[in-house]
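Since the structure comes first, as structure tokens, the remarks are kept for the end.
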Amino acid sequence: MELRITILAENSVVVPFDVIGEHGFSAFVEMKDFNFLFDTGHGKALINNALALKKDLSSVKFLYLSHGHYDHTGGMVDLLKIKSSLDVYSHPNIFAERYWMKDGTQKYIGIPFSKAYLESLKANFIFHKEFMEIDRNVFSSGVVDRNTPFEKIDKEMKVKTEKGDFIQDQIWDDYSLAIKTQKGLVVILGCAHAGIVNILNHFIEKTKEKEIYAVLGGTHLGFANDEQIEKTVKVLDRYNIQKLGASHCTGLGVGAKLFNKLGDRFFFASVGATLEI
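Taking the working numbering, the leading residue of the sequence shown gets 678, the next gets one more, and so forth.
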């Protein structure tokens, strides 16, 4: 085994026993020499599902956070009670005060814990903005350039300024990981707020690889129209992507459309789903 990725937290489940689904995302990544965790989900499912799927959270070398939303960071406290101290890789702006606002509804969607509290539990935050190799063959996107015209940030996403005003949240901290394998790159997405096409183009440019073998995680295509989906599939074909495991913010409807277009190349990356090389 060169690489195994197991979904620990996601909106739905694919195994029949003991696991639970929740709105969020987390993936347990096993490599030859070490394990790590990508996101922690909303916080209700992480420990339960890790036990059910026999994934030892105390074995993780580091935590990688895709961005500062509650449904990707809510399990951090539970994780730090199991594994402490722990290096946490992320963008320096993950603790921004974030809200979802629409039709008079206002909901806080930022990280539900303070930086100081997490540091008291021995979280060691390693902030970075540039593309970097975190460990051997494991690459953090850093800030992704937004060059694809049809990939937009949700208007409902707002951030509260120091003056108390609400402005559009550009979610510059939306990060993804690429793992270099013998079959090509494997890309893990959190929510792909930066745009899945932007992210894939970014990794091809930065790693100088020609092909991406697999992509899994939240694609954010659940909010896309048919034209955007068609254009995205063309990019998947151009990079010869053999596996697309859609999770979280993809949605079942768009997932069904992607399955119809990609066939056996598509799978639902729900709790319990695995990708192994």
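For each residue, glycine too, the CB sits at the ideal point set by N, CA and C.
Nearest-angstrom beta carbon gap, residue j and residue i [assumed within contact, 8 angstroms]
| i | j | result |
| --- | --- | --- |
| A950 | G922 | 6 angstroms |
| S735 | K760 | 5 angstroms |
| P893 | I682 | Looking at the sequence provided, one finds Leu at residue 893 rather than Pro. With a Cβ gap of about 7 angstroms, L893 and I682 count as contacting. |
| G895 | G867 | 6 angstroms |
| W849 | V820 | 6 angstroms |
| A722 | V765 | In fact, because the Cβ distance is near 19 angstroms, the residues do not count as touching under 8 angstroms. |
| S743 | Y852 | 5 angstroms |
| I684 | V948 | 5 angstroms |
| D716 | F739 | Not confirmed; about 12 angstroms, so no contact. |
| F816 | L854 | 7 angstroms |
Span of the alpha helix (DSSP H) around residue i
| i | result |
| --- | --- |
| K883 | I873 to T884 |
| D914 | D903 to R915 |
| Y747 | Y747 to T750 |
| V692 | Taken as a continuous stretch (DSSP letters only), V692 belongs to no alpha helix (DSSP H), as it is neither H nor E. |
| I811 | That residue, I811, is in no alpha helix (DSSP H); its beta strand (DSSP E) goes M809 to D812. |
| K784 | No alpha helix (DSSP H) contains K784, which is instead part of the beta strand (DSSP E) from T782 to Y785. |
| L757 | M753 to I759 |
DSSP state of residue i mapped onto helix, strand, coil
| i | result |
| --- | --- |
| I724 | helix |
| E796 | helix |
| N937 | helix |
| A686 | strand |
| T927 | helix |
| R823 | coil |
| L898 | helix |
| A729 | helix |
Within-8 angstroms CB hit, residue i to chain B
| i | result |
| --- | --- |
| E774 | Looking at the structure shown, chain B is missing, and only one protein chain is on hand. |
Closer than 7 angstroms: residue i CB and nearest the ligand GDP heavy atom
| i | result |
| --- | --- |
| K721 | Within the structure as shown, the ligand GDP is missing, as the structure has no ligands at all. |
Residues bridged to residue i [DSSP beta-bridge criterion]
| i | result |
| --- | --- |
| L734 | DSSP lists no partner for L734. |
| W849 | Per DSSP, none; premise fails for W849. |
| A855 | F816 and V864 |
| K920 | A891 |
| T951 | T683 |
| D842 | The partner list for D842 (beta bridge, DSSP) is empty, contrary to what the question assumes. |
| N801 | D764 |
| L740 | L714 and V765 |
Terminal residues of the beta strand (DSSP E) in which residue i lies
| i | result |
| --- | --- |
| N712 | N712 to F715 |
| R775 | R775 to K779 |
| M834 | M834 to K837 |
| M708 | S703 to M708 |
| V696 | Here V696 belongs to no beta strand (DSSP E), and DSSP marks it neither H nor E. |
| L763 | L763 to S767 |
| F943 | F943 to F945 |
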